[in-house]
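Numbering (my numbering), first residue to last: 3 to 257. Only one structure is covered here, and it is reproduced in the block below.
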């Protein structure tokens with residue numbers, strides 16, 4: 003007697019394929035972005051991103067992108083089963099390739115521009131092996147909890163939580179200033195002062211005639227320097243006169 007396994011129903015196969023896309027999009031797209039933004043939360047603060055903006059970004063990365071791929075497969079399935087199967091494999095290869103490219107990037111020094119072909123072939127082989135083993139119980143659906151774990155860590159455990167759970171209603175106390183003279187502050191980011199000077203240590207009037215003319219009627223300091231080479235630390239210190247937080251816990255959120 004032979005034990006013949008029945009092929010999965012179209013509805014179940016479609017659901018498993020949808021979970022494939024959901025999990026791989028979370029691993030290959032959402033998590034790298036979460037990791038990058040979590041380590042550079044000042045990027046969000048500098049753009050005045052609100053808690054709503056960050057939540058929409060999180061939902062887009064985790065759910066909207068795989069949903070768009072899922073809809074594409076749905077319409078492909080209406081055309082034909084073979085097109086549907088091909089498109090699903092194509093999406094899986096593309097997502098697995100995104101996972102393999104960062105760790106395989108050192109191959110560029112050995113293979114040059116052809117290094118991309120190695121992770122591409124590897125991704126195609128992995129997807130084909132996975133599709134053959136999936137009917138035996140090896141499915142990405144078992145990793146579905148990452149769809150909640152990764153965005154949860156991003157919103158509640160990374161430095162992004164300082165923006166998501168900030169209290170905009172709390173008023174920020176500023177010192178009272180009675181002076182009425184206008185003040186204009188211009189910051190040239192990553193522009194060293196020595197680039198303005200000539201061989202005598204003066205502002206180069208040939209290259210920068212307006213700055214040279216301005217310096218004649220102003221006080222300028224050719225030996226001035228910032229307290230840090232990082233813009234995220236130097237500019238706040240210029241504005242408030244305080245040394246930056248060494249632990250990086252403070253974000254420029256005050257309005």
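Glycine residues also receive a C-beta, built at the ideal position from the N, C-alpha and C atoms. Because the structure is a prediction, the values reported are computed rather than measured.
Item: Just to confirm the assignment: which complete alpha helix (DSSP H) runs, minimum length 4, are found wholly within the region 142 to 218?; Value: 148 to 158, 163 to 166, 211 to 218
Item: Considering just the uninterrupted stretch of the alpha helix (DSSP H) at residue 107, what are its terminal residues?; Value: Note, residue 107: premise wrong, no alpha helix (DSSP H); not H, not E.
Item: Could you tell me whether the region 83 to 97 touches the region 35 to 54, using the rule of 3 or more Cβ pairs below 8 Å?; Value: no
Item: Since residue 162 and residue 56 are thought to touch, with beta carbons under 8 Å apart, how far apart are those beta carbons, to the nearest angstrom?; Value: 6 Å
Item: Looking only at its own chain, which residues have a Cβ that is under 8 Å from the Cβ of residue 71, when we skip the five neighbours before and after it?; Value: 23, 27, 93
Item: For residue 234, which three-state DSSP category applies?; Value: helix
Item: Closer than 8 Å, CB to CB, is residue 128 near chain D or not?; Value: Judged by its chain identifiers, the structure shown contains no chain D, having just a single protein chain.
Item: Could you name the residues of the same chain whose beta carbon sits closer than 7 Å to that of residue 121, not counting the 5 residues immediately before and after it, in chain order?; Value: 99, 102, 103, 106
Item: Around the C-beta of residue 3, are 16 or more other C-beta atoms found within 10 angstroms, so that it is buried, or is it exposed?; Value: Its pLDDT being 42, under 50, residue 3 is placed unreliably by the model, and the measurement read from it follows with that caveat. Burial call: exposed.
Item: Expressed to the nearest angstrom, what Euclidean distance is found between the alpha-carbon atoms of residue 154 and residue 177?; Value: 38 Å
Item: Assuming residue 52 is part of the alpha helix (DSSP H), what are its boundary residues?; Value: Segment: none, residue 52 is in no alpha helix (DSSP H) and carries neither H nor E.
Item: Within the continuous alpha helix (DSSP H) that includes residue 91, where are the two ends?; Value: 83 to 102
Item: Would you kindly report the start and end of the unbroken alpha helix (DSSP H) that includes residue 122?; Value: 119 to 135
Item: Work out the CA separation of residue 223 and residue 210 for me, nearest whole Å.; Value: 16 Å
Item: Which two residues bound the contiguous alpha helix (DSSP H) that contains residue 29?; Value: Where residue 29 is concerned, there is no enclosing alpha helix (DSSP H), given that its DSSP letter is neither H nor E.
Item: Which residue's Cα is closest to the Cα of residue 214: 230, 195, 228, 231?; Value: 195
Item: Within a Cβ cutoff of 7 Å, which residues of the same chain sit near residue 67, ignoring the five residues on either side of it in sequence?; Value: 27, 31
Item: Provide the residue span of the alpha helix (DSSP H) that contains residue 45, from first to last.; Value: 44 to 48
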